[in-house]
Structures are given as structure tokens and as C-alpha cells.
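Trainee:
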Amino acid sequence: MMSNWQSYLHRSSQLLKDHSVKILRMEGADAPSRHPKVLLKLNSREDIQQLVTGCDADIGGTSTVHLDLDESLERNKGSGSNATGRFRGEMSLAVRPELQGRIRGGYAGFRSKVRPTLFGEMTDDVSNHQFLALRLRLGGDPRTRNSYFVNLQTDGPITTDLWQHRLYFQRTDGGWEDVFVPFENFVLTNTGELVHQQIIMLRERIRTIGISLLGGNSGISGPYDLGIDSIRAVNEEDVTRPPPLEKDPSHGV
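The numbering of the sequence shown is numbering that gives the first Met the number 0, which starts it at 0 and goes up by one.
#1: Find the nearest neighbour of Gly155 within the set Leu133, Glu120 and Ser146, judged by alpha-carbon distance.
#2: What would DSSP say about Phe86, mapped onto helix, strand or coil?
#3: Keeping to the same chain, check which residues put their C-beta closer than 8 Å to that of Thr258; ignore five residues upstream and five downstream.
#4: Buried or exposed: which applies to Ser273, given that a residue is buried once 16 or more other Cβ atoms fall within 10 Å of its Cβ?
#5: Is Ile262 near Phe86, with beta carbons less than 8 Å apart?
#6: Applying the 10 Å Cβ sphere with the 16-neighbour rule, what's the burial state of Gly221?
#7: Give the secondary structure of Gln95 by DSSP, where H, G and I count as helix, E and B as strand, and everything else as coil.
#8: Of all the options Arg136, Gln129 and Ser126, which has the alpha carbon lying nearest to the alpha carbon of Trp175?
#9: For Arg165, does the three-state DSSP call read helix, strand or coil?
#10: With 16 other CB atoms within 10 Å as the buried threshold, where does His128 fall?
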């Protein structure tokens with residue numbers, strides 16, 4: 000297991016190597032790669048340590064959140080991996096008595112950590128890909144299935160901006176499935192509110208990726224349980240079912 004300093008140096012070395020390869024290959028003259036690109040994987044304890052969690056309990060709510068490595072053979076069957084991430088807890092709309100009417104409960108989520116290097120932050124370029132592909136397993140209370148969102152943060156001056164889209168699941172049997180979201184269908188939000196002046200996403204510089212459960216939006220409470228194997232950027236030839244065609248106007252709290 001690498002220390003934080005070793006991870007920092009490793010990222011710096013990787014970023015320098017990537018930039019050097021682009022220069023040597025004169026990248027930009029060649030056709031861009033359409034191969035699937037792994038943005039996030041949750042298959043080891045080291046992978047889990049690259050993520051941070053949060054919930055409304057941080058500000059006075061009563062929800063809980065856990066993100067663990069799940070090594071259950073039964074739950075991982077069909078994922079393609081021996082171990083996956085398990086995002087779980089209790090979604091609650093209640094808040095501490097002294098905060099009644101001042102805050103709203105019903106939130107839990109996780110996201111990747113920012114990746115500083117000696118040469119600036121490491122980001123992901125998905126400008127050559129059309130879809131975000133998430134391999135997920137839906138469990139928990141069935142009422143929570145329509146309250147999950149995927150969130151992207153791009154490099155920009157407003158750190159509270161998030162690009163967001165609801166996750167639509169097809170399976171109801173607790174099995175693994177790939178959920179595809181077109182990048183062009185994400186909507187821009189700020190501190191949980193839809194930004195009225197929508198702009199084009201800066202897909203060349205994705206800083207963080209995460210998933211949130213917004214029970215407060217839909218008035219849903221109860222146990223939640225979501226398995227996550229990986230999140231990738233893919234193109235049309237890798238989509239195994241028709242993706243949603245329209246932007247989702249739903250947004251966060």
C-alpha cells in the first residue's frame with residue numbers, strides 16, 4: 000500500500016509520462032482513440048481509499064453512509080470482478096431537533112478525491128467519448144431506485160458547480176447491469192440547484208466523479224445499497240442498450 004507521498008509522486012510521474020508520450024507521438028495529428036477509458040474502479044482497498052464520502056449527518060441530518068470493499072462471491076457474481084465497492088447506509092429525512100426547519104435531510108454520496116501532482120491536478124479527458132458507462136448493482140429499499148444521481152466536476156473557477164444526471168436502472172433482481180449516460184445529457188447544477196444559463200461541459204478536464212442518493216428530493220427514506228464495479232467513458236459501439244435521449248431536468252438538493 001502506497002503512502003500519500005508515494006501516491007503523489009506516482010501521479011506526478013504518470014502525468015509527466017503521459018504528456019511526454021503525447022509530444023513524442025505528436026498526438027493531435029492522429030485520429031483520437033475510441034477505446035473505452037476507465038475513469039474509476041472499485042476493485043481493491045486501494046481503490047476505495049481514493050474516494051471520499053459524505054451525507055447530511057455532516058450538517059445535522061441523521062442519514063448514514065458507508066463505502067466498503069465487497070468481496071462476497073454471491074453479490075459479485077456477474078460483475079466481472081472478484082471485489083467491488085458497496086455504497087450503503089440508511090437514508091433519513093429527519094434532522095436534529097434544534098435544526099428543524101433550518102436544514103433538509105436526505106442526502107448521501109461519494110466522489111473521487113482530487114489528484115494533485117507536481118505539475119498541477121491530474122484530470123481525465125473524455126472529449127473523444129460519447130457516453131459515461133457505470134457497472135452497478137442495485138439493492139436496498141426499492142423506493143430508493145429512482146433517487147440515484149451521477150455527478151461530474153470539471154476544472155473551472157466555480158468549485159460548487161456539478162454536472163449531474165439521474166441513474167436509470169433496468170434490472171429489479173439485484174443483478175449487475177451497465178448504465179449508459181450520454182455526456183451531452185448532463186445538466187449543470189450549483190449547490191444543488193439547476194443553473195438556468197446552461198453551458199457546454201468542459202469534457203477535456205474531468206476533476207472528480209461521484210454518485211449521490213438524493214432522498215430529500217423525492218421524500219424517500221430507508222436502507223440503500225448500491226454495488227459499483229467501475230465507471231468508464233465509452234462510445235456508441237460499446238453501448239449494449241439504447242441510452243436515454245433527452246436531458247434529465249431533475250437535479251439535486
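By construction, the Cβ of each residue, glycine as well, lies at the ideal position given by its N, Cα and C atoms.
All figures in this text were calculated on a predicted structure; none of them were measured in a lab.
Mentor: Walking through what the data contain:
#1: Start at 1 with the first residue of the sequence shown, and residue 155 comes out as number 156. Here the closest residue by C-alpha is Glu120.
#2: Here residue 86 refers to the residue found at position 87 of the sequence shown. Three-state result, Phe86: strand.
#3: Nothing about residue 258 can be read from this structure; the chain reaches only from 0 to 252.
#4: Only positions 0 to 252 of the chain appear in the structure, and residue 273 is not among them; the question remains open.
#5: This structure leaves residue 262 out entirely; the chain is present only between 0 and 252.
#6: Position 222 of the sequence shown holds residue 221. It counts as exposed.
#7: Position 96 of the sequence shown, counting from 1, holds the residue named residue 95. Before going on, a small fix: residue 95 reads as Arg here, not Gln. In the structure shown, Arg95 sits in coil (DSSP, three-state: anything other than H, G, I, E or B).
#8: Along the sequence shown, one-based indexing puts residue 175 at 176. The shortest Cα separation from Trp175 among Arg136, Gln129 and Ser126 belongs to Arg136.
#9: Mapped onto the sequence shown, residue 165 falls at position 166. Arg165: strand per DSSP, three-state reduction.
#10: Counting from 1 along the sequence shown, the entry for residue 128 is found at position 129. Label assigned to His128: buried.
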